[in-house]
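Some notes on the structure that comes next.
Number of protein chains: 2
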Amino acid sequence: MGTEAEFGKLVVFGVGLIGGSFSLALKAVGQVGEVVGFGRSLGSLSQAIDLGIIDRVGANPGAEVADADIVLIATPVAQMPDIMAKIAPYLGPETLVTDGGSTKSDVVAAARAHLGDRIDRFVPGHPIAGAENSGPAAASAMLYRGKKVVLTPLPENSTLDVARLRSAWEWCGAQVHQLTPGEHDRVFAAVSHLPHLLSFALVHDLARRENGEQFFNFAASGFRDFTRIAASHPEMWRDICLANRAALLDELDRYQTQLGELRAALDQGDGAALEEVFAVARAARRAWADGKLKE
Amino acid sequence: MGTEAEFGKLVVFGVGLIGGSFSLALKAVGQVGEVVGFGRSLGSLSQAIDLGIIDRVGANPGAEVADADIVLIATPVAQMPDIMAKIAPYLGPETLVTDGGSTKSDVVAAARAHLGDRIDRFVPGHPIAGAENSGPAAASAMLYRGKKVVLTPLPENSTLDVARLRSAWEWCGAQVHQLTPGEHDRVFAAVSHLPHLLSFALVHDLARRENGEQFFNFAASGFRDFTRIAASHPEMWRDICLANRAALLDELDRYQTQLGELRAALDQGDGAALEEVFAVARAARRAWADGKLKE
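Heads up: the sequence lines are chains U and P, in that order.
Read the first sequence against full-length UniProt numbering and you will find it ends at 295, with the numbers running on by one and no gaps.
Read the second sequence against full-length UniProt numbering and you will find it ends at 295, with the numbers running on by one and no gaps.
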């Protein structure tokens, strides 16, 4: 009785926000059968059992992935090589492996180094979902509803495997897009990583001044919005910046060029040039906001 | 019957958001008697009458300021020299003159040039109140409640006049602070003008790329917050940047130095240095947000 789940068995490495929510979302729509979890903290694994995120705690990664339909590596990138090396020899012929990392080129490099000739099993992915909170308690079946997920298929991937992964994320309620790993890293360097760096920079520079409090005392709504992301997790963003270093340096250099143009216009008192830049920016920002409202 | 209003007669130049709200706020607490308005648009003046912002439209500036208790010049700075020159010869011996401009050094320079030996009458001010909307219809008696107002008294001002202006703004519900004009311009360059410039720069640079839409397509909440102020009025911000050019260039140079340090850390893969900057920024941003919640 009942339709068979699309994914009979899911193995998830990392049972926090990303991995936990993926499991809960698939369970909520009845599209996964058994979920086996791996993690580094017995507390988290125990909590994941209690919250219904996983059905079992795995003991032997190789044994568990052998008959898994889908494997999600939802850990920090630093932990991925070891996991990949451990599971590579045991992956089933149709076992689909994916990840949830914020950067892709480094994940792909790790996969090429540690999955070896099983690289075709690995379809990299990046769910764009808020990470304010973490851990199993933060996981939710609704996390991915209406959110974007970017898959960055490799040349070795089959069309079928990419379609299967797309299907999994669509069951989670996400809108799936595709980019190459390089495109992904450049895009997110520009619209996410660089803004974080710029915001951290502004706040840090004010905080280190002798009379810093006077500045903060008169900071208002514009400052509040611009610096909201400066309250982000330092370690997580250190890792993202280092992981996406090349693309981020490139974006930073482009931005410095733009700033230099503005500085020159300001220095020369060129109001027309300033106004042009501001008007183009305003129009683009409003068009983007309007576009999002229609989604 | 009833307490006498603190300000028998207010003359306001500019009957839009800033000037209109000042009048409405004082009227709402019964602390102003007659309000006479000057403006460049008959439509605005007529609307101001209809909305109860002003009691009369002025015809002769000199005649009106002669028996005014307080004069608020709530126009763009570009219009101030002319107004100041017109009223200077006629200001009563105790007529208090002030303004609502976002920058102060340039306003003070205009006042020194055009009020002549009546400069002692002029106590510069800057109400920090949102300017999303404009015009008489946007004016509200509540606009300044809980907001900050910065006065930048001149050496020529009497303690009494500064106290009178403080009192006026406090009747509007504002929290009054004092800085020198130079301090004001440096502070606002850092916490308001520079962030706007930086936000405009990011959006403009993305908008001018050939494949710009791809970037905007994947921009999410961090981008949204960071770029909210990039939707600000181009002309208004052109004027603010030009008016506060010196302080803004100085802040931009400091910021470029900070960015250079981050670039070097990123280039060298110095995760510890990045994390330190991010951690200091996060702590400062959170402390600021917590402090505001307690207000």
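For every residue, glycine included, the Cβ atom is placed at its ideal position computed from N, Cα and C.
Just so it is clear, the structure is predicted and the values come from calculations on it, not from any experiment.
Relative to the Cα of Lys292 of chain U, the nearest Cα in the group P:Arg285, P:Ala220, P:Leu266, P:Glu261 belongs to P:Ala220. Residue contact check for Thr152 of chain P against chain U: no CB pair falls below 9 Å. For the stretch 127 to 151 of chain P, the set of residues with a beta-carbon nearer than 8 Å to any beta-carbon of chain U comprises Ile128, Gly130, Lys148, Val150, in chain order. Straight across, the Cα-Cα distance linking Lys9 of chain P with Ala264 of chain P is about 60 Å.
Beta-bridge pairing by DSSP links His126 of chain U to U:Val150.
By a beta-carbon distance limit of 8 Å, Glu156 of chain U contacts Asp120 of chain U. Their separation comes to about 4 Å.
For His204 of chain P, the uninterrupted alpha helix (DSSP H) segment begins and ends at 194 to 207.
Put simply, the backbone Cα of Asp67 of chain U is about 32 Å away from that of Asn133 of chain U. According to DSSP, residue pairing for Val71 of chain U in a beta bridge involves U:Val11, U:Val97. With a cut-off of 8 Å on Cβ pairs, the stretch 275 to 293 of chain U is not in contact with the stretch 28 to 44 of chain P, counting fewer than three such pairs. When the five nearest sequence neighbours on each side are left out, the beta carbons in the same chain lying within less than 6 Å of the beta carbon of Leu143 of chain U are those of Ser21, Ala129, in order along the chain. Interface flag for Cys172 of chain P against chain U is unset, since no Cβ pair is found closer than 9 Å. A distance below 9 Å separates the beta carbons of Val11 of chain P and Ile70 of chain P. Contacts with chain U at 9 Å (Cβ-Cβ) do not include Arg40 of chain P. Of the other Cβ atoms in all chains shown, 16 or more fall within 10 Å of the Cβ of Gln258 of chain P; this residue is therefore buried.
For Gly37 of chain U, the enclosing beta strand (DSSP E) has its first and last residue at 32 to 38. Residue state for Arg56 of chain U is assigned as strand, using DSSP reduced to three classes. For Gln214 of chain U, the chain P residues whose Cβ falls inside 7 Å of its Cβ are Val187, in order along the chain. Looking from the CA of Leu151 of chain U, the closest CA among U:Phe38, U:Ala163, U:Ala48 belongs to U:Ala163. Taking 9 Å as the cut-off, the Cβ atoms of Leu26 of chain U and Ala168 of chain U count as close.
Leaving aside the five residues that flank Ala5 of chain U on each side, the residues in its chain whose CB is nearer than 7 Å to its CB run, in chain order, Gly30, Gln31, Val32, Gly33. Around Thr227 of chain P, the beta-carbon contacts reaching into chain U at under 7 Å are Arg285. Nearest in C-alpha terms to Pro124 of chain U, of all of U:Leu262, U:Arg112, U:Ala247, is U:Arg112. In the three-state DSSP reduction, Val29 of chain U falls in the coil class, being neither helix nor strand. In this structure, U:Leu274 is the residue among U:His233, U:Asp225, U:Leu274, U:Ala243 with its C-alpha nearest to the C-alpha of Cys241 of chain P.
In the three-state scheme derived from DSSP, where H, G and I count as helix and E and B as strand, His177 of chain P is classed as strand. DSSP, read as helix, strand or coil, puts Glu210 of chain P in coil.
In the DSSP annotation of this structure, the continuous segment of the alpha helix (DSSP H) that includes Met84 of chain U starts and ends at 80 to 87. Interface annotation for the stretch 262 to 282 of chain P against chain U: Leu262, Arg263, Leu266, Asp267, Gly269, Gly271, Leu274, Glu275, Val277, Phe278, Ala279, Val280, Ala281, Arg282, criterion Cβ-Cβ distance under 7 Å.
At a cut-off of 9 Å between beta-carbon atoms, Arg238 of chain U makes contact with chain P. Residue nearest to Glu170 of chain U within the set U:Leu154, U:Ala141, U:Ala190 is U:Ala141 (criterion: CA-CA distance). Residues Ala25, Tyr144 of the same chain have their beta carbon placed closer than 6 Å to that of Cys172 of chain P, with the five preceding and five following residues left out of the count. Look at Asp270 of chain P here: in three-state DSSP terms it is coil, with no helix or strand label.
For Pro234 of chain P, the closest Cβ of chain U is nearer than 9 Å. Leaving aside the five residues that flank Phe7 of chain U on each side, the residues in its chain whose CB is nearer than 8 Å to its CB run, in chain order, Leu26, Gln31, Val32, Gly33, Asp69, Ile70, Ala168. Annotation for Ala189 of chain U: Asn244, Ala247, Leu248, Asp250, Glu251 place their beta carbon closer than 8 Å to its own, counting only its chain and skipping 5 residues before and after.
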